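Contents: one structure, followed by commentary.
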Amino acid sequence: MLERKQLKDRTDVTFVLSADTPPGPVSVVGDFNDWKPGTHTLEPRKDGRRAVTVALPGKGVHSFRYLAAGDYWFNEDQADGHDGTNSRLHT
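If you use this note's numbering, the sequence shown closes out at 86, no skipped numbers anywhere.
Written as structure tokens, this is what we have:
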């Protein structure tokens, strides 16, 4: 799930997953962090889900995927679109 907060010069996007699916650590990896795993790792929230918030510049389109333990890559079902391999996000 994606939560968005539009601000004057950026969009704060919170990437949200359930607490245990998939199991183990998960990070969001995309063009906004040079595709570096571990830069934005989802952390537990009070509601039991895991999340991380990333500040993205004003208007743009970003590609991303999730990376879980065991080199398991997966996409966001609620993304704005997909470009084949990656999820797409419009800010």
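Cβ atoms here follow ideal geometry from the backbone N, Cα and C, with glycine treated the same way.
No experiment lies behind these values; they were computed from the predicted model shown.
Neighbourhood of residue i by C-beta distance below 6 Å, restricted to the same chain and skipping five residues each side
{"i": "threonine 9", "result": "Glu(-2), Ala46 and Thr48"}
{"i": "aspartate 26", "result": "His57 and Ser58"}
{"i": "asparagine 81", "result": "Ser58 and Arg60"}
Other residues of its chain near residue i: CB distance less than 7 Å, five sequence neighbours each side excluded
{"i": "arginine 5", "result": "Ala50, Leu51, Pro52 and Gly53"}
Spatial distance of residue i from residue j (CA atoms)
{"i": "proline 58", "j": "arginine 83", "result": "It should be pointed out that residue 58 corresponds to serine in this sequence rather than to proline. Their Cα atoms are separated by approximately 5 Å."}
{"i": "lysine 3", "j": "valine 21", "result": "29 Å"}
{"i": "proline 17", "j": "arginine 60", "result": "14 Å"}
{"i": "tyrosine 67", "j": "leucine 12", "result": "15 Å"}
{"i": "lysine 0", "j": "threonine 36", "result": "19 Å"}
{"i": "alanine 64", "j": "valine 24", "result": "13 Å"}
Cβ-based neighbour list, residue i, same chain, cut-off 8 Å, excluding 5 preceding and 5 following
{"i": "alanine 14", "result": "Pro39, Gly43, Arg44 and Arg45"}
{"i": "histidine 77", "result": "Asn70 and Arg83"}
DSSP-derived helix/strand/coil call for residue i
{"i": "aspartate 7", "result": "strand"}
Nearest residue (CA-CA) to residue i, options the options
{"i": "methionine -4", "options": "Asn70, Val24, Asn81 and Asp78", "result": "Asn70"}
{"i": "threonine 86", "options": "Gly19, Asn28, Gly55 and Lys31", "result": "Gly55"}
What residue ranges within the segment 25 to 85 form continuous alpha helix (DSSP H) runs of no fewer than 4 residues, ordered along the chain? Counting whole runs of 4 or more residues, the segment 25 to 85 contains no alpha helix (DSSP H) stretch at all.
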